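**Student:** Note that the sequence shown ends on residue 194 in the working numbering; no numbers are left out.
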Amino acid sequence: GKTNGSAVDLSAIASGTGGFVINGESASDNNGVSVSSAGDVNGDGLDDLIVGAYQADPDNKIKAGKSYVVFGKTGTKAVDLADVSAGNGVVAHTIDFQGNGESNTLTGTSADELFVAGLGDDTLIGNGGTDVFNAGAGNDTIVINADNLAKLSSKMLSSDLLARVDGGGNTDTLKLAGADLNLDLTQIDNGRT
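Dropping the structure here:
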């Protein structure tokens, strides 16, 4: 962002001054035709972007379109949407795009990932890593394991993510996966003073 209305020299940004470049995944996808603010999705204090590619072919669905969450950053290194699509920083699962209210299960890996629930009663399963869980409109269940729990307590950034769990618009349930786990909520900072 800028504090004034002066012109932006895109050649300066391309050379690494005053911002960063976002490179599309495929030239035929029409990457960046639509760009929107996403707020602070990963909880690092920087605003994030949603970049649309309305002619992308996800999961062999011709011209179905695709959206990418690009995390805000202070550096000037270019962001490649192919890296975002490969899961470096975001989990891209099918969420209730059609608004039919059906439930979905989003299952992660041991990597650092972002989960966003949809309209149904969704289940978000972390499986470790510095994960960010955003419950949706339904009665969602968030399942974390010992590694997720340790990352929640650490208050450390990893892969541009700050581990956190945000409840949604209904009754959400936090479940612990594994044996001999103790959840001490006094060890987890909710960001409020």
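In this text, a Cβ means the ideal position worked out from N, Cα and C, and glycines have one as well.
Since we're looking at a predicted model, the values are computed, not measured.
1) Pair every Cβ in the region 27-37 with every Cβ in the region 6-15, then say whether three or more of these pairs are closer than 8 Å.
2) Could you have a look at Ile96 and say whether DSSP puts it in helix, strand or coil?
3) Output needed for Ser38: all residues of its chain with C-beta closer than 7 Å, excluding positions within five of it in sequence on either side, in chain order.
4) Quick check: the Cα distance between Gly168 and Gly137, rounded to an integer number of angstroms?
5) Expressed to the nearest angstrom, what Euclidean distance is found between the alpha-carbon atoms of Thr110 and Phe72?
6) Between Asn105 and chain D, is the shortest Cβ-Cβ distance under 7 Å, so that the two count as touching?
7) Do the CB positions of Gly107 and Leu125 come within less than 7 Å of each other?
8) Using a Cβ-Cβ cutoff of less than 8 Å, which residues in the same chain neighbour Thr172 once the five nearest sequence positions on both sides are dropped?
9) What's the call for Ala8, buried or exposed, on a 16-neighbour Cβ count within 10 Å?
10) In whole angstroms, give me the CA-to-CA distance for Thr18 and Lys74.
11) How big is the Cα-Cα spacing for Asp185 and Ala164?
12) Taking only three categories from DSSP, how would you classify Ala8?
13) Determine, using beta carbons only, whether Asn132 and Ser104 come nearer to each other than 7 Å.
14) Note down, in chain order, each residue of its chain lying with its Cβ closer than 7 Å to the Cβ of Asp97, except the 5 sequence neighbours on either side.
15) Grouping DSSP H, G and I as helix and E and B as strand, with all else coil, what is Asp41?
16) Thinking C-beta only, is Ile23 closer than 7 Å to Val85?
17) Between Gln99 and the rest of its own chain, which residues show a CB-CB distance below 7 Å, the 5 nearest in sequence each way excluded?
**Tutor:** Well, looking at it:
1) no
2) Your numbering for residue 96 matches position 95 in the sequence shown. Bear in mind that a pLDDT of 44 at Ile96, under 50, signals an unreliable position, so the number given afterwards is only what the model happens to contain. Note: Ile96 maps to coil in three-state DSSP.
3) If you number the sequence shown from 1, residue 38 lands on position 37. So the list reads Asp48 and Leu50, once near-sequence residues are dropped.
4) For the purposes of this step, residue 168 is taken as residue 167 along the sequence shown, with counting starting at 1. For the purposes of this step, residue 137 is taken as residue 136 along the sequence shown, with counting starting at 1. Whole-angstrom Cα-Cα distance: 7 Å.
5) Residue numbering aside, residue 110 sits at position 109 when the sequence shown is read from its first letter. Residue numbering aside, residue 72 sits at position 71 when the sequence shown is read from its first letter. Those two C-alpha atoms are separated by around 20 Å.
6) You won't find chain D in this structure, because it holds only one protein chain.
7) Locating residue 107 in the sequence shown gives position 106, where the first residue counts as 1. Locating residue 125 in the sequence shown gives position 124, where the first residue counts as 1. Before going on, a small fix: residue 107 reads as Leu here, not Gly. Yes, Cβ-Cβ distance for Leu107 and Leu125 is below 7 Å.
8) For this step, residue 172 is matched to residue 171 along the sequence shown. Asn140.
9) Along the sequence shown, read from residue 1 onward, the residue named residue 8 stands at position 7. Exposed, since its Cβ has fewer than 16 Cβ neighbours within 10 Å.
10) To locate residue 18, count along the sequence shown from 1; it is residue 17. To locate residue 74, count along the sequence shown from 1; it is residue 73. In a straight line, the C-alpha of Thr18 is about 13 Å away from that of Lys74.
11) Here the question's residue 185 lines up with position 184 in the sequence shown. Here the question's residue 164 lines up with position 163 in the sequence shown. Answer to the nearest angstrom: the Cα atoms are 16 Å apart.
12) Looking up residue 8 in the sequence shown gives position 7. Coil, per DSSP.
13) If you number the sequence shown from 1, residue 132 lands on position 131. If you number the sequence shown from 1, residue 104 lands on position 103. Correcting the residue identity first, residue 132 is Asp in this sequence and not Asn. No, the Cβ-Cβ distance between Asp132 and Ser104 is not below 7 Å.
14) Translated into positions along the sequence shown, residue 97 becomes position 96. The predicted position of Asp97 is uncertain, since its pLDDT is 45 and thus under 50; no value can be drawn from it.
15) Start at 1 with the first residue of the sequence shown, and residue 41 comes out as number 40. Coil at Asp41, not helix or strand.
16) Counting from one through the sequence shown, the residue named residue 85 turns up at place 84. Counting from one through the sequence shown, the residue named residue 23 turns up at place 22. No, they are not a contact pair.
17) By 1-based counting over the sequence shown, the position of residue 99 is 98. Only weak support is given to the placement of Gln99: the predicted model assigns it a pLDDT of 42, under 50, and the question is left unresolved by the model.
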